[in-house]
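To keep things clear, I will list the structure first and then write my remarks on it.
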């Protein structure tokens, strides 16, 4: 039998094992993917509530992935914390095409709540996605990039693999259809968008044919991010970047929070499409600007899903009232996809999807009444009083001529305003969405500001309860170091 370790070596071994067991892997904190515009604009302001309603969490990695017309240039990217946005990698499909770029912020300040992207001149269309990660090095995190513009959608991948030099890297990649569209990005609808082997989807939109994916590479070496797209033959841009992991870096959310938030357009060319509802939590909420009794005939439903899940629909009585659908205790899948039907596809609608972590197993607390009013500044539209402390309330509004331009202080506005915006734009802004994190059972009063005081707005809200808090293990209280003679 071997001799026991000296006490100081035993303690060192214990601490080494403890640190190894708690080493942090890069982890998604929040993902937000935007639908695109359909008219000339500039100075796009991304409202970023982040996972917990307070914007970015301290010292995380923030990535911004944007697609815009070839020939345009990004004149500035700024936010409310004066962050520096570094261009990591880009792909350009050439004259008459589009540029896809990946920017990032290292060790982001807590509380980035608005990101403004400005171009050298107004652009006819654009697309954006923001992802936030913890567990990534806050200094010089880059560990390789790759990109390509390819005409082979069945296997969209970089022209050369990334050669990483560190173990545990976070690999992120984005793709978007950019060919044969003229001055518009969306319209080459795909039937499916599959991430590369081992990768997970953060977002996917079959109407605009864009997707974001991520993967943690255990051991360093060659890695080739890819997507498999079916249903169209467009040219695709792909950009990808590796980021070094760092144990203990950044901040992860706790309690009830939003992991994925995605804005999906409903196809103008068809009354049926397959849409992805990326879910890693236990509640998925789909908030629609169009309801079950629309005067224009645009009745939207969400039907058969793979894997199988059943949507619960809530919509108040009244013409043109929005509807909110949800799946409680969802069978989590970053590949959840459902058939969406639109009764009048020429009247394009938007679905805003929230993937919620930490909800109660029976999460629906209370629904508001359906309300409508006209004016510039509208209050209590609607109001709702939760019966249980702690949760998230979601509201949607449907305006006649719009657009909505702001919401009340402390509420998270989910629109993306821009210079040149009108009610006809397709960046969700003819109508409006917002959400609110609450910790008390006092009344929540949603308010809106809209550009046209004569426009009549219809609104509806639901409050969802948080689940029981998961107790954290208590730190050891009897560990002490004694000298060994």
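In my numbering, the protein residues as written are 195 to 679. Even for Gly, the Cβ is constructed at its ideal location relative to N, Cα and C. Note that the structure is predicted; figures quoted are calculated from it, not measured.
According to DSSP, simplified to helix, strand and coil, what is residue i?
i           : result
residue 349 : helix
residue 551 : strand
residue 232 : coil
residue 321 : strand
residue 527 : strand
residue 460 : coil
residue 637 : coil
residue 378 : coil
residue 389 : strand
residue 471 : coil
residue 295 : strand
residue 431 : strand
residue 545 : strand
residue 260 : strand
residue 615 : coil
residue 369 : strand
residue 625 : coil
residue 237 : coil
residue 315 : coil
residue 483 : coil
residue 514 : coil
residue 396 : strand
residue 251 : coil
Once you ignore the five residues that flank residue i on each side, which residues in its own chain have a CB closer than 8 Å to its CB?
i           : result
residue 266 : 293, 313, 314, 315 and 317
residue 663 : 449
residue 348 : 422, 423 and 424
Alpha carbons only, please: which of the options is nearest the one belonging to residue i?
i           : options               : result
residue 378 : 242, 425, 398 and 232 : 232
residue 246 : 560, 448 and 572      : 448
residue 391 : 381, 657, 417 and 300 : 417
residue 435 : 473, 656, 407 and 273 : 407
residue 616 : 280, 631, 569 and 597 : 597
residue 621 : 568, 289 and 543      : 543
residue 327 : 309, 465, 302 and 356 : 302
residue 563 : 571, 572, 569 and 578 : 578
residue 509 : 499, 493, 497 and 501 : 493
residue 352 : 431, 297, 321 and 555 : 431
residue 319 : 381, 652 and 567      : 381
residue 451 : 606, 566 and 364      : 606
residue 633 : 570, 297, 525 and 604 : 604
residue 295 : 258, 583, 533 and 465 : 258
residue 529 : 599, 631 and 399      : 399
residue 640 : 505, 299 and 575      : 575
residue 565 : 393, 513 and 624      : 513
residue 336 : 283, 288 and 462      : 283
residue 401 : 560, 646 and 458      : 458
Could you name the residues of the same chain whose beta carbon sits closer than 7 Å to that of residue i, not counting the 5 residues immediately before and after it, in chain order?
i           : result
residue 248 : 305
residue 329 : 218, 219, 220, 221, 439, 440, 443 and 444
residue 239 : 308, 310, 610, 611 and 612
residue 272 : 310
residue 533 : 466, 468, 497 and 498
Going along the chain, which residues of its own chain have a beta-carbon closer than 6 Å to the beta-carbon of residue i, five neighbours each way excluded?
i           : result
residue 227 : 323, 397 and 456
residue 454 : 225, 472 and 549
residue 403 : 371, 382 and 384
residue 571 : 643
residue 506 : 520
Is the beta carbon of residue i sitting closer than 9 Å to the one on residue j?
i           : j           : result
residue 341 : residue 429 : no
residue 359 : residue 414 : yes
residue 626 : residue 552 : no
residue 225 : residue 256 : no
residue 385 : residue 425 : yes
residue 547 : residue 479 : yes
residue 591 : residue 652 : yes
residue 345 : residue 427 : yes
residue 363 : residue 325 : no
residue 600 : residue 656 : no
residue 244 : residue 223 : yes
For residue i, does the count of other Cβ atoms within 10 angstroms reach 16, so buried, or fall short, so exposed?
i           : result
residue 219 : exposed
residue 516 : buried
residue 285 : buried
residue 659 : buried
residue 614 : exposed
residue 628 : buried
residue 501 : exposed
residue 497 : exposed
residue 356 : buried
residue 241 : buried
residue 252 : exposed
residue 281 : exposed
residue 206 : Bear in mind that a pLDDT of 40 at residue 206, under 50, signals an unreliable position, so the model cannot answer this.
residue 525 : exposed
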